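For reference, the structure discussed in these notes is given below.
Protein chains: 2
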Amino acid sequence: MEKMIEELLKEFRQGSKRAAARIISLIENEAPEGKEILRVLYKESGRSYIVGITGPAGAGKSTLTDALVKLMRHRGYRVGVVAVDPTSPFTGGALLGDRVRMSDLTLDPGVFIRSMASRGHLGGLSWAARDALVVLDAFGCDYILVETVGAGQSQVDVVKVADTVVLVTVPGLGDDIQAAKAGIMEIGDIFVVNKADRGDADQVVRYLQSILEQQTKTEGWLPPVIKTVAWRGEGVEELLDAVERHRSFLVNSGHLDPLRKMRLKEEIIERVERLIFARLKKEVRMDGVLEEVYSRQLDPLSAAEALVGEIIPQAGSAGRK
Amino acid sequence: MEKMIEELLKEFRQGSKRAAARIISLIENEAPEGKEILRVLYKESGRSYIVGITGPAGAGKSTLTDALVKLMRHRGYRVGVVAVDPTSPFTGGALLGDRVRMSDLTLDPGVFIRSMASRGHLGGLSWAARDALVVLDAFGCDYILVETVGAGQSQVDVVKVADTVVLVTVPGLGDDIQAAKAGIMEIGDIFVVNKADRGDADQVVRYLQSILEQQTKTEGWLPPVIKTVAWRGEGVEELLDAVERHRSFLVNSGHLDPLRKMRLKEEIIERVERLIFARLKKEVRMDGVLEEVYSRQLDPLSAAEALVGEIIPQAGSAGRK
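Chains Z and G, in that order, are what the protein sequence lines are. Counted from 1, the first sequence has number 300 at position 301 by numbering that gives the first Met the number 0; the numbering is strictly sequential. Counted from 1, the second sequence has number 47 at position 48 by numbering that gives the first Met the number 0; the numbering is strictly sequential.
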């Protein structure tokens with residue numbers, strides 16, 4: 000087992016995409032070897048810049064990602080892509096179809112592309128996807144693009160991993176207003192109006208700009224709104240320039256380190272919760288308590304306090320009156 | 000303090016809406032009295048049937064809820080409404096405006112309406128909103144309607160509290176397809192195509208039906224698709240009939256108890272996590288560990304394992320290799 004890990008790490012460090020893919024699969028399958036390798040690779044990571052690309056289905060995110068990867072390659076960067084597909088049975092096929100377009104890129108040794116399942120039916124980022132970023136980082140990627148289908152959880156989750164969040168929309172989708180309503184706009188560092196050759200793209204741009212003037216995600220950064228026609232590469236240069244400008248801004252203004260530290264802190268807390276949760280599921284006798292609560296002899300909060308008391312002896316008492 | 004609680008509970012039990020409102024405010028403000036009262040009221044709850052009403056902004060959920068409440072009153076039910084507004088500054092006003100339409104209902108002693116803030120910018124259900132359901136349940140409501148703006152988290156959360164989930168859409172919104180893609184359709188027990196006098200409502204109905212035939216939320220229940228024109232009350236009778244049919248189905252098929260128990264179990268686990276999280280924030284010295292992780296001397300998983308070991312002495316070792 001240890002030998003297999005060593006062999007795999009050796010190949011990985013020699014730049015083998017096959018080895019990288021295998022490591023990510025081990026992590027996806029929750030194999031103990033995956034966890035082991037991840038501990039090692041984490042210490043070799045930290046140089047990648049992570050760009051989240053999100054927006055509603057049909058906004059052309061895959062095509063835009065594709066174009067962006069090509070341009071990044073042209074500028075000499077090593078690039079990783081993690082595309083998060085929702086696990087919904089209705090979309091699996093379509094998204095895999097999208098990914099096929101990228102096949103010419105997969106032959107490029109400087110590009111690593113991986114589609115990964117989402118967590119839950121609303122498309123949140125799985126732990127495996129987050130761990131894959133560490134692998135690609137240690138693999139030497141200058142940029143890692145995380146593409147998520149924008150609906151619900153994955154849009155919140157993309158903020159947890161990305162240094163720059165690109166929010167993609169299209170004219171005539173009718174939900175530009177909805178996006179604003181749901182507060183989704185607050186997560187974007189750069190806005191893209193893709194398929195700008197259709198409908199009234201300028202109107203969408205003006206609309207987005209008018210909202211952006213009223214809010215601030217990061218002090219000192221007014222998110223630019225960029226028009227693209229991704230399938231023929233229009234505006235992609237401007238988009239990459241904007242990404243690099245945002246990156247420089249974060250570095251020069253001293254925002255990047257605190258941002259990354261905050262993300263890391265939240266990740267550690269989430270991991271702690273997850274470990275405790277696993278323990279809870281395994282060790283705590285829930286059934287008796289559940290019956291008591293269901294029959295209204297006990298309320299849920301008191302039940303939770305008692306359970307916490309069971310796993311952390313002195314904690315229960317603090318919670319009680 | 001104790002006297003204030005007793006007085007408030009007395010008024011509440013006499014059916015005072017003012018007392019109910021005050022109790023919910025105490026809970027919202029996280030006052031210790033609110034928690035105390037909740038423990039008492041939980042034991043008096045358990046008779047309400049909870050209907051979640053969700054869907055995209057602009058689908059006319061408020062108007063539909065309004066119409067449904069009136070019809071429920073007509074059928075002699077006592078009704079509670081919890082409307083969850085997203086906290087986004089862009090929408091607060093508009094949604095409050097919607098609620099004003101309900102003012103004639105607020106004079107009815109058999110109707111209790113409360114707007115509550117959402118959790119986070121994507122509109123998740125706050126703990127206060129979930130606790131308010133217990134208060135309205137103990138208040139003697141036969142039905143409680145939970146109206147959430149459908150985008151992201153609140154749609155996931157509505158499943159955590161509702162016995163029947165009504166998913167509202169409208170023709171021409173262009174995101175019927177998106178809804179399906181995001182897997183949102185999987186949460187609905189009843190589908191409503193509102194504003195059915197506009198656009199091609201029948202096409203939306205057929206589209207929804209074709210998808211519904213391919214999936215099952217609950218074995219033995221094919222979600223009906225109902226056309227409504229809520230502002231003039233059309234289709235609302237059919238909607239309420241469908242809600243009652245779904246309720247009978249859940250009761251007669253033996254699904255309701257396991258469903259509610261599962262929800263309760265998840266609630267208790269969430270509460271446990273929340274208590275532990277609060278403890279973690281308060282007691283654990285995170286900064287040293289964070290610096291170690293940020294400088295790549297330690298990986299996040301090992302850091303989390305060490306932290307768990309600090310709060311649960313014997314747990315850390317189990318997680319380590």
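A virtual CB, placed ideally from N, CA and C, is assigned to each residue, including glycine. Just so you know, these numbers come straight off a predicted model, no measurement behind them.
A residue is called buried once 16 or more other Cβ atoms fall within 10 Å of its Cβ, and R129/G is buried on that count. The DSSP-derived three-state label of M71/G is helix.
Judged by DSSP in its simplified three-state form, G198/G adopts coil rather than helix or strand. Between L249/Z and L255/Z, the CB-CB gap stays under 7 Å. Judged by beta-carbon spacing, L166/G lies within the 7 Å limit of F190/G, meaning their Cβ atoms are closer than that value. Neighbours of L279/G in chain Z, taken as residues at a C-beta separation under 7 Å, are given in chain order as I268, V271. In the structure shown, T105/Z adopts helical secondary structure according to DSSP, grouped into three states. Here K226/Z carries a strand assignment [DSSP, helix/strand/coil]. One finds K264 in chain Z with Cβ atoms closer than 7 Å to the Cβ of M285/G, taken in chain order. Listed by position along chain G, the residues whose Cβ is nearer than 8 Å to that of D298/Z are L37, R38, Y41, K42.
Between V204/G and V224/G, the C-beta spacing is below 7 Å.
With its beta carbon at least 7 Å from every one in chain G, R129/Z lies outside the interface. Sorting V134/G, V271/G, S252/G, I52/G by C-alpha distance to the C-alpha of L25/G places V134/G at the top. For the pair V271/Z and V50/Z, the CB atoms are not nearer than the 7 Å cut-off. Counting C-beta pairs with one atom in each stretch, the region 34-49 of chain G and the region 141-148 of chain G have three or more that are closer than 8 Å, which means they touch.
By the C-beta density criterion, M115/Z is buried, having at least 16 other C-beta atoms within 10 angstroms. Here the C-alpha atom of Q202/G lies approximately 10 Å from the C-alpha atom of V192/G.
The Cβ-Cβ distance between P299/Z and I275/G does not fall below 7 Å. Here A137/Z really is in contact with E43/Z; their C-beta atoms are around 4 Å apart, less than 8 Å. In terms of Cβ geometry, V83/G and S117/G form a close pair [threshold 7 Å].
Nearest CB-CB separation between G198/G and chain Z: not below the 7 Å threshold. When only Cα atoms are considered, I23/G and V288/G end up about 40 Å apart.
At a cut-off of 7 Å between beta carbons, G123/Z makes no contact with chain G. For the 7 Å CB-CB criterion, V78/Z and V110/Z form a contact. In chain Z, no part has a C-beta under 8 Å from the C-beta of V192/G; the shortest such distance is about 16 Å. DSSP places V110/Z inside the beta strand (DSSP E), whose first and last residues are 110-116.
Nearest CB-CB separation between L207/G and chain Z: not below the 7 Å threshold. T168/Z is a Cβ neighbour of G54/Z, given a cutoff of 7 Å. Look at V203/G here: in three-state DSSP terms it is helix. Approximately 19 Å separates the beta-carbon atoms of W230/Z and T105/Z; this is outside 8 Å, ruling out the contact. At a cut-off of 7 Å between C-beta atoms, R46/G does not count as an interface residue with respect to chain Z.
Within the DSSP secondary-structure output, E233/Z pairs in a beta bridge with V228/Z. Closer than 7 Å to the CB of V292/Z there is at least one CB belonging to chain G. Per DSSP, the unbroken beta strand (DSSP E) holding I52/G starts and ends at 48-54. Against chain Z, the beta carbon of R12/G has no neighbour under 9 Å; the closest one sits roughly 16 Å away.
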